[in-house]
Amino acid sequence: MYVAVKGGEKAVKHSQRLVTKKRRGDTRVPEISPDQIKHQLGLGLDRVMAEGSLYDETAAAKAIQQAQGDLTEAVFLVRAFRTTLKRFGTSRPVDTTEMTAFRRVSGIYKDIPGGQILGPTYDYTHRLIETGPAPDENGTGPDQPMPSLPDKLPRVMDLLIKQGLISDAPSALSPEPGRETEEDLTRQPLTFPVSRTLRLQALARGDEGFLLGSAYSLQRGFGLDRHPFLGELKVGVATVCFTPPELGFEIRIGRIRLTECVMVSRQDDAHGRAAGFDTGYGLVFGQNERKAMSMSLLDRSLSDTDKNADADTDKAAYPAQDPEFILSHCDSVESSGFVQHLKLPHYVDFQSELVFIRSRGNDQAPTKGEDG
Amino acid sequence: MTPVADLNPPPLLKVAHLCKFFGRHMGCHDISFEVCPGEVIGVVGESGSGKSTLLNCIAGRIRPSNGSVWFRTPDGMEDLCRCDEARMRRIIRTRTGYVTQHASQGLKMHISAGGNIGEKLMAAGTRHYGKIREAALMWLDKVEIDPGRIDDLPSTFSGGMQQRLQIAANLVTAPEILLMDEPTSGLDVSVQARLIDVLRKLVFSLNLSMILVTHDLAVARLLCHRLYVMKQGEIVESGLSDQILDDPRKPYTQLLVSSVLKP
Amino acid sequence: MTVSYNFAYLDEQSKKMIRRAILKALAIPGFQVPFGGREMPLPYGWGTGGIQLTASVIGPDDQLKVIDQGSDDTVNAISIKHFFQKTAGIAITEDTETATLIQTRHRIPETPLKKGQILVFQVPIPEPLQFIEPKRPQTLKMHGYEEYGSMHVKLYEDIARFGRIATAFDYPVRVHHRYLMSPSPIPKYDNPKLHRSPAVLLFGAGREKRIYAIPPYTDVVSLDFEDYPFELEHWEGACAVCGSTQSFLDEIITDDNGTRVLICSDTEFCRKNAGSSQP
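Chains as they are written, first to last, in the numbering used here: chain A, 714 to 1085; chain B, 117 to 379; chain C, 349 to 627.
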């Protein structure tokens, strides 16, 4: 009977062997390579890089393979790898007007300078599971010439600012001056009230599902009283520049895929502010439009509560307006860990509860024959 | 009610030139008055006239934009607006009680009546269960709630009982001033009458001071010695209750009293 | 992609940052110090706070003991031991007396701790007021102004309902007569071991990114009422293996009829005790 609490060592070893075997699956089927994941499961890869907050395609691909395609688990692997990396400096903030955009849409202006670019999207496909050969083996193979992509596009946001339509213009796109680099969510705890810099960082690496559901709740009236608009959604490739101190001049260190989004919604004149549009901002690694849009809706709703901080009650009416509620619960690695830790033994705590229940007089031994 | 007989007692509370702005919107402006021991002050006006803002400033729940709120403490007169938050919370905790319009905001609905009354005692350092219990029973009796209900949740109480419980929970540590924000609205007239009766007894037996914010002039007449009439954040008229209600001078007060304005 | 890890996984800068937080925590006993918690390769809830503390204070000469629910051999304890064996190559022990560093989840060893030892607790919810007031800015003020009345209300309610305080584990304590502190989910049976312990007691909450501490020989008082003093759980019976009546006992169900036996939760203590009583 002592075996009940012994034998952990052996069990763990067995479990680890089993998971390795399970991961490989049927050995008659060829093993996939991280390269295949990188090139054929790109959107999954993007999600892992975004929530892992590490732009490293190889690490993300390996993580997806090692996690059997469980993206939350893969995010976790990437995060644990990320913490061990050295920081050698801070890059210049990416200028998103200079992105090479392969997709760019606006929901508010039909014609925008630079034009709309539909690019690769599932938006207008019929969601039918395809039978027969994979689509890229016939038709539009890689031979077909690609249209040239613009490498400089004005931001729709800037157009609105020029027209004086943005009521919160100064802080609209850039973080508070001087705070670009001093705050880093991966090096400091989240404290409240939270700055916009940290808020955007938390959202950018937050769980896509949680952000999506929260943004959706806003749209359903749990926090928004009118329809928001998509100012601009842009997916493209940006160049990251960095000045190594030992060189003293700027060099390009790489190109990263990004999705940028600006949401606007009407703000009526009140409390000394002119009528105009409030904005929310989203920026995510890779192509992840759902996440970038959710992020910008939440950025907007969470900044609203900051503005109302002086009012009689500091309580937010809905969860998606409450910075503490959203930002403390949006991290998949944190939430997944804590929910699942319930699988760990709690013998001692349960024992303490048992002792209490027993002391309340519920100590009857199992009785026989209650039904006869 | 007749005004208290004590001549020139020192004030417990002195509000001086109090202002509160919300952005460009004015909550209240240049408010000054004093409250003496045993005195019941009424603040009346339409909704939106700034009476709750004023009360919240006095209760330390809103930081005033300007002006002073002096409390009499064992260390002399202290200005809420000039002391740090720790001191402010201490003054508010020991000198005042705050009764809200909705009992659910003033009481913890998932905690028993006894627990609600005991909380302030425990916050003040009482660590003897028996004594806390004793105090709770005594206060239930004082506010005319059956002491047998000490372990019941406030959610099982009627609206009038909840308000009386709120008063007991506030008075258990013997504050000198009870601040009340529309304590009778939402209650039936007969229930109101009982609440007012309990309050009058407490004022008399404890020499308690009160500031009562209400839009109900009938309640104000029954409880208050003096009245302040507020309009758009400012005091437009003040004086003895009977004088204000029977012989209002300002046109606004006249409209209010003749119930042309819907308070 | 080749990866090599630093001694005990964390880089030295992170360790330094954590050690600074520990020093601050020791200087303000019971106060929750926020720190820039790092992601660890083990999941949140599995002891990441404790692991970061251990990683920051461990040295090559340390003797590490890891227990979970009192046992050296439960899966989580094994996994954490493997982690430090792999990343730091340090010596692992099960012996409470010779261990220099003990990481624990939910128990304090029965063998009394000594001067020079460090006990690291894994903490899921560092805020003792969390279930009374979930808002962090509010609880900060409650700690700041020592407004702990609501915590006593909870105890009051227990007595009114059950005739005694019903909190059985994670029983709140006042440290150095100032800060209200969660002792982590140890059974209240272990609370007295915190009081004036000669060992350094460190508490780490990874997900909540907070560290707190009790320096050696500090007063740690479990909350109670004068007329309802703090009391320990006790068992009718002794450990079925070693016969101890002086330890926390787990129930083990031995058959389908619900027959129960009691066994020490601290496996190392039990083994030693059994050895000495049956020479």
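The beta carbon of each residue, even a glycine, is placed where N, CA and C say it ideally should be.
Which listed residue (the options) has its alpha carbon closest to that of residue i
i: residue 301(B); options: 279(B), 318(B), 317(B), 319(B); result: 279(B)
i: residue 438(C); options: 414(C), 424(C), 445(C); result: 414(C)
i: residue 980(A); options: 992(A), 973(A), 1009(A); result: 992(A)
i: residue 952(A); options: 964(A), 874(A), 942(A); result: 964(A)
i: residue 780(A); options: 823(A), 747(A), 1040(A), 879(A); result: 747(A)
i: residue 181(B); options: 244(B), 198(B), 210(B), 330(B); result: 198(B)
i: residue 1014(A); options: 805(A), 932(A), 1054(A); result: 932(A)
i: residue 193(B); options: 226(B), 132(B), 241(B); result: 132(B)
i: residue 103(B); options: 498(C), 409(C), 454(C), 481(C); result: Missing from the structure shown is residue 103(B); chain B here goes from 117 to 379 and no further.
i: residue 396(C); options: 452(C), 409(C), 371(C); result: 452(C)
Proximity test, Cβ basis, 8 Å: residue i and chain B
i: residue 501(C); result: yes
i: residue 514(C); result: no
i: residue 579(C); result: no
i: residue 573(C); result: yes
i: residue 519(C); result: no
i: residue 498(C); result: yes
Residue i - DSSP class collapsed to helix/strand/coil
i: residue 929(A); result: helix
i: residue 195(B); result: strand
i: residue 781(A); result: coil
i: residue 886(A); result: Because residue 886(A) carries a pLDDT of 49, less than 50, the predicted location of this residue cannot be relied on, and no value is offered for it.
i: residue 1003(A); result: helix
i: residue 1092(A); result: Chain A is shown only over 714 to 1085; residue 1092(A) falls outside these bounds and no answer can be derived.
i: residue 424(C); result: helix
i: residue 226(B); result: coil
i: residue 146(B); result: strand
i: residue 504(C); result: helix
i: residue 394(C); result: coil
i: residue 135(B); result: strand
i: residue 454(C); result: coil
i: residue 214(B); result: strand
i: residue 333(B); result: helix
Cutoff 8 Å: residue i Cβ touching any chain C Cβ
i: residue 205(B); result: yes
i: residue 1054(A); result: yes
i: residue 368(B); result: no
i: residue 1012(A); result: no
i: residue 165(B); result: no
i: residue 235(B); result: yes
i: residue 362(B); result: no
i: residue 227(B); result: yes
i: residue 238(B); result: yes
Straight-line Cα distance separating residue j from residue i
i: residue 866(A); j: residue 727(A); result: 56 Å
i: residue 267(B); j: residue 768(A); result: 59 Å
i: residue 578(C); j: residue 263(B); result: 28 Å
i: residue 326(B); j: residue 320(B); result: 12 Å
i: residue 212(B); j: residue 294(B); result: 6 Å
i: residue 492(C); j: residue 737(A); result: 54 Å
i: residue 488(C); j: residue 798(A); result: 33 Å
i: residue 187(B); j: residue 556(C); result: 40 Å
i: residue 310(B); j: residue 257(B); result: 14 Å
i: residue 403(C); j: residue 774(A); result: 29 Å
i: residue 606(C); j: residue 536(C); result: 26 Å
i: residue 1002(A); j: residue 1031(A); result: 24 Å
i: residue 805(A); j: residue 772(A); result: 24 Å
i: residue 399(C); j: residue 369(C); result: 15 Å
i: residue 817(A); j: residue 808(A); result: 16 Å
i: residue 534(C); j: residue 624(C); result: 27 Å
Environment of residue i [buried if 16+ CB atoms lie within 10 Å]
i: residue 1012(A); result: buried
i: residue 276(B); result: buried
i: residue 919(A); result: buried
i: residue 467(C); result: buried
i: residue 427(C); result: buried
i: residue 505(C); result: buried
i: residue 582(C); result: exposed
i: residue 565(C); result: exposed
Residue-level contact to chain A via CB, residue i, 8 Å cutoff
i: residue 393(C); result: yes
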